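**Q** Pasting a structure here, questions to come.
Residue numbers (the working numbering), protein chains in the order written: chain A, 2 to 83; chain B, 1073 to 1230; chain C, 65 to 825.
Printed below as a string of structure tokens:
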């Protein structure tokens, strides 16, 4: 089970304030699907302007990125640049 | 509105062009003569990107009317190199990486050339004050000043 | 070519042949002779001139627009208003590969029902001369119902403030507010338990800060030429940070398919984030469509300042708890940024970056994104980070003062390192912040004596750096020279870096590699030049394309020698048969010459989404002297230290550090937007919008710390953005030490600072 950390606002709006979750998913796309089944509506929020950090590395377009069983996964605001 | 016929000398060549009464020398150079090396950054004489020499004086061509070029000697960035030989300032700008985007570079080179014609051995402070009328947003001026000082040294034969 | 006299960078010495040297940039001669074609320099046949009609009001309802009189001006060929553009619904939409609110972007490019800032475009005209276009623009009659403007975040958040958007419900707040407001978003991040952290502290400091709107200040105003033929195909020539960005946005805003828009990149005269959006291009395309002729549009400086850029001003607060030994026990940061007329300030990035340089067990950052009647904020170099660093780094400095600690040692004590949990959650991979602090400590600047009225400041800065999509192709010519094709405008010497990386991999001379920044139809999609990503991500693509070509070169040699490709090695630009001396090595030129006979032309390519852009950290040291009688600050000495991974071309890397520092010094000392009570900008030129000039600055010393990024073939980290993060605080900390009072409001312009010195501020 990957350790998933939601953005505070998404946790409050969709997940009863639960920011830290354990989810079983092989990649980011499947992770978002699983979260959306658990908390309907959160998928759209997590697909919009979001980057993902998996075990410390930030992925800007992460959908096919694989997640290891004990990975730490953070959803972050997308990072723009100047 | 009829246009004015202007006879002038640009980079040593006798040149004629037509321009409107209110048209700046910068617009005349760029629009009528295709000399687009002089740039418009502000049109108010603050950025120096349009620097040219007029009768041996450094001017912002955005503050000069096209008709004022009548009978004058104008030198633009296009006339700084001699054929395939770059001016020492141009060589040192390249060597020092004194340009990033390059939009201010023509103005800096024209202005720095004017400085070195007047003062072949400027101090760093003199160079900084002379070039204070030319804005660069990329480099922080460090490498530009180094390029000017190195070109000055080379031209002095130092 | 210059590299014989200048040192190769430390990390590259002995390891690389080309990387780390300082050759002359391939586009250099064009740029020092005035031959390079920038945005405003292109003039196709039959071209006419466009001009934008702009709102004189900061906040007003557009009641009607009458173009009848304007159309009668001789020479006028087309006029467009918001009604000529397709309606795009609210919400985020993908275009190209970017997801943005086109609803807002469409309304920023040309107002529909309301104008939201002084200078907001309401119509555009095109005529056969600039004079006719100006005359017609003056005759476009716009009837406004003027509303009260809201010019600051404080005013915008006040109860009863006029609303810019009457449907704006604050996002990020649960439960969602029922009533609309000017607050677009609330962001929050936290680690640990700040209350517990403050309880452990020996000292607690809380400070408030104010900053002003500033502009990117590129010297080249926005400019473009657009044509549209009767077949509905648009061509756009323009300077921007990304031809594919311009294509995606212009196509969407004009209702065109992407394949119907071709964007040809001009040289770009500075961007710093401000040219990552479109303003003129959709207007020029629609005018060209109506007129049936190419239309050129060039902004004046006044238009650039009133209606493009800038980055957010705003206010912030930082509460910091620390133990006597300097260990930070908790940080509580609140940032409020002005987004301008539409939602989307970089405040979330401010929250993520402000404390990122430090290993904090307990932190919280709250950010408010607030709309005001100013131009919509665009990205500016490390968007959101400089103000956040100003808030946090100033408070750390104040804490060090209070605890009687060396501010550098206090930072070292708390410094983030590999494994530190970043404030936005994940743990840092290998980073070089400690190395930067150590380099600062060892630098003679740090211990040099100071004179009267002088002060020294130090501050750190962090930026994520990004990767994203990049494409590159390398074609082999018949004589062994190569063409590197990429899709990223060269904004500061990146053609040189691309050529150097290709030369390194191919084993050829740098001078035999010609880089080309191609149009949108000559290279696959590439994300824009920004986010410090080009040398990293596009460099990775170029490297992989070169490796792809090397593989093919080996295969050709194998074919010629009739051996297995595994029996061929690529060494110093030649194919060499291993384990035999039967075959004379084949140079890249030999293979190029025989390409036709051995299977056809050769080219390598790579289309990638680069991951693993290593985070960047920097430390700046600044000495100032303050004139106690005028409040004038002069910067006496400045040193910028940064972990750059590997410097491909050290001169251009140093240039990034120096340029970022100079912009930050301007932000700290003089730059600000000034509005009158009606919300009209008062300083719309470079005389009054006071950016640093040569006589304002000393030489800017640089130290390139090289902690290679393990994910890049040459160890590159992005370098362009970090250098603007520390200077606001470095300068403010120096001034604070010089005058003996903590400076919390930027810019530290003479009147403001004099009031502070005299106890009035």
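For glycine and all other residues, C-beta sits at the position ideal for the given N, C-alpha and C.
Computed from a prediction, not measured in an experiment: that's the story for all the values here.
Taking only runs that begin and end inside the region 516 to 574 of chain C, name each unbroken alpha helix (DSSP H) of 4 or more residues, in chain order.
**A** 558 to 570
**Q** Using DSSP's beta-bridge definition, name the partner residues of residue 249 of chain C.
**A** C:235, C:433
**Q** Flag this pair as touching only if the region 629 to 638 of chain C and the region 584 to 601 of chain C have three or more C-beta atom pairs under 8 Å; answer yes or no.
**A** no
**Q** Taking the beta carbon of residue 1212 of chain B as the centre, do at least 16 other beta carbons fall within 10 Å, making it buried, or is it exposed?
**A** buried
**Q** Does residue 1165 of chain B have its Cβ less than 7 Å from a Cβ in chain C?
**A** yes
**Q** For residue 808 of chain C, count neighbouring C-beta atoms within 10 Å of its own C-beta (all shown protein chains included) and say buried if the count is 16 or more, exposed if not.
**A** The residue is buried, with at least 16 neighbouring Cβ atoms inside 10 Å.
**Q** Which of helix, strand or coil does DSSP assign to residue 71 of chain C?
**A** coil
**Q** Hey, how far is the Cα of residue 529 of chain C from the Cα of residue 216 of chain C?
**A** Cα atoms of residue 529 of chain C and residue 216 of chain C: separation of roughly 30 Å, rounded to the nearest angstrom.
**Q** Could you spell out the range, first to last residue, of the alpha helix (DSSP H) harbouring residue 393 of chain C?
**A** Not the alpha helix (DSSP H): residue 393 of chain C falls in the beta strand (DSSP E), residues 392 to 404.
**Q** Since residue 583 of chain C sits in a beta bridge, which residues does DSSP pair it with?
**A** In DSSP, residue 583 of chain C forms no bridge with anything.
**Q** What residues in the region 402 to 426 of chain C have a beta carbon less than 8 Å from any beta carbon of chain A?
**A** 410, 412, 413, 416
**Q** Per DSSP, what kind of secondary structure is residue 165 of chain C in: helix, strand or coil?
**A** strand
**Q** Could you spell out where the beta strand (DSSP E) holding residue 116 of chain C opens and where it closes?
**A** 112 to 118
**Q** Mind checking residue 323 of chain C: buried by the 16 CB within 10 Å criterion, or exposed?
**A** exposed
**Q** For a test of the three-state rule: what should DSSP assign to residue 172 of chain C, helix, strand or coil?
**A** helix
**Q** Quick one: grab the DSSP three-state call for residue 51 of chain C.
**A** Absent from the structure is residue 51 of chain C, since the part of chain C shown begins at 65 and ends at 825.
**Q** The alpha helix (DSSP H) with residue 332 of chain C in it runs from where to where?
**A** Residue 332 of chain C -> no alpha helix (DSSP H), and no H or E assigned at all.
**Q** If you reduce the DSSP assignment to three classes, tell me which class residue 750 of chain C lands in.
**A** coil
**Q** With the cut-off set at 7 Å, would you say residue 185 of chain C and residue 359 of chain C are in Cβ contact?
**A** no
**Q** Contact criterion: CB-CB distance below 7 Å. Does residue 467 of chain C meet it with respect to chain A?
**A** no
**Q** Answer with yes or no whether the minimum CB distance from residue 46 of chain A to chain C is below 7 Å.
**A** no
**Q** If you draw a straight line from the C-alpha of residue 1182 of chain B to the C-alpha of residue 734 of chain C, how long is it?
**A** 28 Å
**Q** In angstroms, rounded to a whole number, what distance separates the CA positions of residue 816 of chain C and residue 695 of chain C?
**A** 8 Å
**Q** Run down chain B in chain order and give the residues with a C-beta less than 7 Å from the C-beta of residue 755 of chain C.
**A** 1207, 1209
**Q** Please classify residue 1218 of chain B as buried or exposed, where buried requires at least 16 other C-beta atoms within 10 Å of its C-beta.
**A** Flag for residue 1218 of chain B reads buried.
**Q** If you follow the beta strand (DSSP E) that residue 1085 of chain B is in, where does it begin and where does it stop?
**A** 1085 to 1091
**Q** Report buried or exposed for residue 116 of chain C, applying the criterion of at least 16 other Cβ atoms within 10 angstroms of its Cβ.
**A** buried
**Q** Mind listing which residues of the region 226 to 239 of chain C have their C-beta closer than 9 Å to chain A's C-betas, in chain order?
**A** From the region 226 to 239 of chain C, only 235, 236, 237, 238, 239 have a Cβ closer than 9 Å to chain A.
**Q** Select from C:319, C:136, C:74, C:732 the residue whose C-alpha is nearest the C-alpha of residue 813 of chain C.
**A** C:732
**Q** Is it true that the region 72 to 84 of chain C meets the region 1138 to 1158 of chain B, where meeting means three or more beta-carbon pairs spaced less than 8 Å apart?
**A** no
**Q** Could you compute how far the alpha carbon of residue 69 of chain A sits from the alpha carbon of residue 577 of chain C?
**A** The alpha-carbon atoms of residue 69 of chain A and residue 577 of chain C are separated by roughly 42 Å.
**Q** Output yes if chain C places a C-beta closer than 7 Å to the C-beta of residue 62 of chain A; else output no.
**A** yes
**Q** Quick one: what's got a C-beta closer than 6 Å to residue 192 of chain C's C-beta in the same chain, skipping five residues either side?
**A** 112, 139
**Q** So residue 42 of chain C is in the beta strand (DSSP E); what residue range does that whole segment cover?
**A** Since the first and last residues shown for chain C are 65 and 825, residue 42 of chain C lies out of range.
**Q** Let's see if you can read the secondary structure: which residues bound the beta strand (DSSP E) around residue 51 of chain A?
**A** 51 to 55
**Q** Can you find a CB in chain C that lies within less than 7 Å of the CB of residue 1203 of chain B?
**A** Residue 1203 of chain B counts as touching chain C.
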